[in-house]
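Going by the numbering used here, the sequence shown opens with residue 22, and the numbers climb by one from there. Built from N, CA and C at the ideal position, the CB exists for glycine as well.
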Amino acid sequence: MLIVLAVVVLLGVFLVVMYNSLVQLRVRSESAWSDIDVQLKRRHDLIPNLVETVKGYATHEKSTFEDIAKYRSMAMQATGPVDKAAAENQLSSSLKTLFAVAENYPQLQASQEFTQLQNSLSAIEDAIQNARRYYNAVVRDLNTKIQSFPTNILAGMFGFQQKQFFETAAADREPVAVKF
Numbered sequence: 022m023l024i025v026l027a028v029v030v031l032l033g034v035f036l037v038v039m040y041n042s043l044v045q046l047r048v049r050s051e052s053a054w055s056d057i058d059v060q061l062k063r064r065h066d067l068i069p070n071l072v073e074t075v076k077g078y079a080t081h082e083k084s085t086f087e088d089i090a091k092y093r094s095m096a097m098q099a100t101g102p103v104d105k106a107a108a109e110n111q112l113s114s115s116l117k118t119l120f121a122v123a124e125n126y127p128q129l130q131a132s133q134e135f136t137q138l139q140n141s142l143s144a145i146e147d148a149i150q151n152a153r154r155y156y157n158a159v160v161r162d163l164n165t166k167i168q169s170f171p172t173n174i175l176a177g178m179f180g181f182q183q184k185q186f187f188e189t190a191a192a193d194r195e196p197v198a199v200k201f
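Right, dumping it as structure tokens:
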């Protein structure tokens, strides 16, 4: 009788540990997603200042400015990793075009305000990359645990769902072609 009770207690402890590890990973993934969201908001807040600075020098690049405004709006309204990643990839592509346009204006390149904004954006991009890497690592761990035996049984019973990675589009890895 004592052996049966010990086995039941050990099984109970094992189940509690598995459940708690799933909860911990889910909370960490939500926290990591929140960090990405904060960094993206910082980026979205900086973009109008950057565009206005470039507008002062490159007044005939209207379509570039319109694209950035459109993609920024889409990115701010997107929800979830998949939609957010797609919108952010479009925004990143349009920002690369903006910087390519800016290279044709030496006065703009010499502007201290433009340089500060460019450096701020670069720092934010680094923070986004780090937050994205951390989020994807946590999601990988959570998804692995959800799929692994015997945790997959417990995950199914308690409704744990796999999370989507926040990925960069393949097209975003290519250099931007600027046509004048």
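Asked, Found
"C-alpha distance - Q182 paired with I167, whole-angstrom precision", "8 angstroms"
"Cβ shell of V93 (< 7 angstroms), same chain only, five flanking positions each side left out", "The question names Val, but residue 93 in the sequence shown is Arg. If we look at R93 and ignore the five residues flanking it on each side, its Cβ neighbours are H65, I68 and L112."
"Closest by C-alpha distance to M39, when choosing among T118, T189 and G177", "G177"
"Separation of A53 from F135, as counted between CA atoms", "31 angstroms"
"Proximity below 8 angstroms, CB of L119 to CB of T85", "yes"
"Through-space distance from A158 to V30, alpha-carbon basis", "33 angstroms"
"G180 - DSSP class collapsed to helix/strand/coil", "coil"
"Reduced DSSP secondary structure (H/G/I, E/B, other) of E109", "helix"
"Nearest-angstrom Cβ-Cβ length linking L142 and L71, presumed shorter than 8 angstroms", "6 angstroms"
"Coil, strand or helix - F86 by DSSP", "helix"
"Contiguous alpha helix (DSSP H) assignments of at least 4 residues, all confined to the region 148-180", "172-178"
"Exposed unless 16 or more other CB atoms sit within 10 angstroms - verdict on E82", "buried"
"8 angstroms Cβ cutoff met for A121 and A108", "no"
"For Q137, the three-state DSSP class (helix, strand or coil)", "helix"
"Length of the line joining the Cα atoms of V160 and R63", "23 angstroms"
"C-beta atoms of I57 and I145 nearer than 8 angstroms", "no"
"Boundaries of the alpha helix (DSSP H) in which H81 is found, first to last residue", "Note, H81: premise wrong, no alpha helix (DSSP H); not H, not E."
"Proximity of F179 and Y156 at Cβ, strictly below 8 angstroms", "no"
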